[in-house]
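Below is one structure; the comments refer to it alone.
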Amino acid sequence: MNFLNELNSKQLEAVENTEGPSLVIAGAGSGKTRVLTYRIANLLAKGVPPYSILALTFTNKAAKEMQKRISQLVDYNSASNLWMGTFHSIFSRILRFEANKLGYSSNFTIYDTQDSKNLIRSIIGDLKLDNKVYKPNDVLGRISMAKNNLIVADVYAQSSNIINADKKAQKPHIAEIYKLYQQRCKQCDAMDFDDLLLQTNILFRDFPDVLEKYRNKFRYVLVDEYQDTNYSQYLIIKKLSQYHRNICVVGDDAQSIYSFRGARIENILNFNVDYPESKLFKLERNYRSTTTIVDAANSVIHRNKEQIPKTIFSENERGEKIKILRALSDKEEGNLIAGEIFRIANYEQEKFSDFAVLYRTNAQSRILEESLRRKNIPYRVYGGLSFYQRKEIKDMMAYLRLIVNNNDEEALKRIINYPQRKIGETTIEKIRSLALQKQVSLWTVISNNDLLSAIVNRPTAERINGFRALIEKFSERVEIDSAYDIANSIALASGIVEEVSNDATPEGISRKENIQELLNAVKSFSETAYKEGINDKLAVFLEEVSLLTDQDNDKNADTNRVTLMTIHSAKGLEFPNIIVSGMEEELFPSQQSSTRNQALEEERRLFYVALTRAEKRVILSFSTTRYRNGQTMSRHCSRFIGEINPLYLEGFLDPLMEMPRREPEKTFSYKRPESRTVATAQKVQDIPDIPFANLTPVDTDAITAGTFIYHLQFGSGQVIAVEGVGANKKAKVQFKNGGVKVLLLKFAKLYK
DNA sequence: CTCTTCCAGCTTTTT
DNA sequence: GCTGGAAGAG
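Right, dumping it as structure tokens:
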């Protein structure tokens, strides 16, 4: 295994310990992907068959990258037979295989967020609820949260906590909406993104033999970005590895920035509770950034209380200090940034592609784009409206979806009258209400002439029949013809191509090009599939595309352009020069998070992610005024700038920056965690940090005054008093973060 | 049934 | 400042 030479000792350990549970804490830039790829290559080299290795990532991009790197280390065949992909793609593959057990067909549709919202909107209408009170977005959020925590509709309705919370929010009917939503999804033979994980859990719960099969199949399980897993994902992994216990998770708690999507940082903090025999590997050497950047980032992240103790260090050169740009308006901020990029690019001979401008919200990109354009600096913007979210693409996709799955209600509603067939709102409502009453799908209604003639007049029925016949004709061919044949013919037969061709405006031309591009994508899919001897049918194409995001097929990726993106989407990437714009209070940290400590810590981790994307140079910018939601507002510099040890900032801080006031002990003091002293009494600062790796659940009987404990939410603390007995036993705890809490031991999960 | 205008919303978002 | 749904007019 000569490739093992290319690893440092810590990485090597993590790569070689292939048996049993391993937790790899990989700091920013510490070679996380390297460890994962070499570990897999090592398994393959030891003779583990590729199909028994399951490697889960969060993005297609990460999966592709790993696949590429592994195939450079081992033979192509081994690399391509690995089960490697995103949670969603791997488990939708398994679900398609087992779909009939759960009452779905193997051609089930995957609803995107828009589909889900539309369906929820129509259910809110059916229930005669006010959609100003029940905002589809919020309702979907509640349902999604429930699903990610494996709370199905019935359980939701029975959980008094949840129901009370909904009542308190003046939305007592969410449980009902959830139930109907789930029924309707099933009737449409559709799963939303969260279902892909929830239904996998249900599959494994209700069909032990199926679980057994996959347990035996996947002898080695690897998970990337483990700090971003939600409960649903956590449980799938746990079930799969319960017996062989060859599970390796890799992550960094300091980069957990997706809690708003249900990610649970506890999953990584608790790994050794589920796997007490697990080995811990900490990768603390950063290879990416200068020492200045790493130390500056440390000085920020060490302010967080919730974290696994570690100190990332760099042995690279010291590098430049962090520069701060102060502007008087958002426009000027853009100009200053463009000017800096221009200056550095010329003066230091850097390429434009060596720069990324990051921001907290997508809305900030516009002004930056204008400034870059004015200076003729080429750029590309990540995020925003993706290719597959464009109207014309969604229309075409709706045709393809309906052809594969006639019961797909959202697809049908979208295109039954596009291009116009004189089948309007009223008619669709009639069909919908009959379908609802008969508990069948819309398609069932429109393909039954008796039902149809009862609700609409003769000419309307004719028009609907025309549409039905069109779709049917193609549905009959899905198992025979290739995806491309069908897509190409329906584009013409549906009238979509004609429709967009009639529009000579630039937008119309662009729409036509987009449709052409989609057809090209189908073509290339069909051709590749044909060449590799795998299924080239439309259903497979849809499966692939529904789990794709824009970043996955970025055509400008290797051109010389400045990158503009949110900090969230920058995670996992690196650039020589990073510019973080909009370093202002109420923007970053965002307004909503500035009061809640947990949310603030997440924002701080986000800032940490931003800083650690940089290899050589970091520039932070802010403006004292900003145009926002229609008006110019006065702004303050972000507290995060003040949290960087000024040692690493260029020049002296301008007093005009008006730093927000902070409590004196927090100001600019940065100590490595090891240097914190452990001593005698119950002074807050004397409570030791309990290394998370050694945590074990504490026996409630063993708790007495003076016991040092660890609480997942509040951190380290010391019991100062105990009261009550048995189930009522309570402990008064002084936490290191300064708070005192009385905890009912029956419920509080304490560790020591 | 269709077209236009009006109005509310608005953090991040790997799938 | 932009988008997408709702509502009103023809």
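The first sequence begins at 37 in the numbering used here and counts up by one. Quick reminder that beta carbons are idealized off the backbone N, C-alpha and C, glycines included. Computed from a predicted structure; not experimentally measured.
Exercise for the section: Pick helix, strand or coil for Q47, following the three-state DSSP scheme. Expected result: helix
Practice task
Note down the Cα distance separating A182 from E376, rounded to an integer number of angstroms.
Solution key: 46 Å
Problem - For N41, the three-state DSSP class (helix, strand or coil) - result: helix
Practice task
Would you check if the distance between the CB atom of A789 and the CB atom of Q263 is smaller than 8 Å?
Solution key: No statement about residue 789 is possible, as the shown extent of the chain runs from 37 to 788 and does not include it.
Handout entry: Same chain, Cβ closer than 8 Å to F503, five either side skipped, listed in chain order
Key = I452, R457, I459 and I482
Practice task
Can you have a look at T648 and say buried or exposed, based on whether 16 or more other CB atoms are within 10 angstroms of its CB?
Solution key: buried
Handout entry: Length-filtered (3 minimum) beta strand (DSSP E) runs lying within the stretch 128-166
Key = 145-147
Handout entry: Expected contact under 8 Å - CB spacing of S365 and T661 to nearest Å
Key = 5 Å
Handout entry: Strand pairing of Q667, partner residues [DSSP]
Key = R664
Problem - Expected contact under 8 Å - CB spacing of Y791 and A189 to nearest Å - result: Not covered by the structure: residue 791. The range shown for the chain is 37 to 788.
Exercise for the section: Closer than 7 Å by C-beta to I413: which residues in its own chain qualify, once you throw out the five before and the five after it? Chain order, please. Expected result: A374, I377, F378, F388 and V598
Exercise for the section: Measure the CB-CB distance between A529 and L506 and report whether it falls below 8 Å. Expected result: yes
Handout entry: C-alpha distance - S114 paired with R70, whole-angstrom precision
Key = 18 Å
Problem - Reduced DSSP secondary structure (H/G/I, E/B, other) of Q770 - result: strand
Handout entry: Option in S88, T73 and A381 with minimal Cα separation from E101
Key = T73
Practice task
Express the C-alpha separation of V60 and I615 in angstroms, rounding to a whole number.
Solution key: 30 Å
Exercise for the section: Write down the C-beta distance between I680 and V336 rounded to the nearest angstrom, noting that I regard them as a contact closer than 8 Å. Expected result: 6 Å
Problem - Cβ distance (whole Å) where I500 is taken to contact L487 below 8 Å - result: Going by Cβ atoms, the distance from I500 to L487 rounds to 11 Å, so no, they are not a contact pair.
Problem - Residues sharing a beta bridge with Q754, DSSP - result: F744 and Q770
Practice task
Would you please state the rounded distance, in angstroms, between the beta carbons of V536 and K548? I believe it to be under 8 Å.
Solution key: 5 Å
Practice task
Measure the C-alpha to C-alpha separation of T668 and R362 and round it to an integer number of angstroms.
Solution key: 17 Å
Exercise for the section: Identify which residue in L623, N382, T541 and T462 has its Cα closest to the Cα of L642. Expected result: L623
Exercise for the section: Have a look at V191 and I179 and give me their C-alpha separation to the nearest angstrom. Expected result: 12 Å
Problem - Cβ neighbours of Q47 in the same chain (closer than 7 Å, five flanking residues each side left out) - result: G67, R70, V71 and L319
Exercise for the section: Less than 8 Å between the CB atoms is what I'm expecting for I329 and N613, so what's the real figure, rounded? Expected result: The pair is not a contact, with the Cβ atoms about 11 Å apart (cut-off 8 Å).
Handout entry: Nearest candidate by alpha-carbon position, reference E639, set I739, I655, R339 and L232
Key = R339
Problem - Close Cβ partners of T795 (< 8 Å) along its chain, the five nearest in sequence each way excluded - result: Given a span of 37 to 788 for the chain in the structure shown, any question on residue 795 remains unanswerable.
Problem - Contacting residues, own chain, Cβ-Cβ under 7 Å from S626 (five flanking each side not counted) - result: R396 and E639
Practice task
Could you check which residue in Q425, A471, N524 and I464 has the C-alpha nearest to that of I794?
Solution key: No information on residue 794 is available, as it lies outside the stretch 37 to 788 that the chain covers here.
Problem - Simplified DSSP state of C673, which is helix, strand or coil - result: strand
Problem - Cutoff 8 Å; reference T463; Cβ partners in own chain excluding five residues on either side - result: V492, T496 and I500
Exercise for the section: Can you say whether A401 is buried or exposed, counting buried as having 16 or more other CB atoms within 10 angstroms of its CB? Expected result: It should be noted that the sequence gives Ser, not Ala, for residue 401. Its Cβ being crowded by 16 or more others within 10 Å, S401 is buried.
Exercise for the section: Quick one: residues in its chain with C-beta nearer than 8 Å to the C-beta of E55, no 5 flanking neighbours on either side, listed in chain order? Expected result: N282
Problem - Inter-residue Cα distance where the pair is K573 and W479 - result: 22 Å
Practice task
Note down the Cα distance separating K153 from Y147, rounded to an integer number of angstroms.
Solution key: 10 Å
Handout entry: G569 to A575 span [Cα, whole Å]
Key = 16 Å
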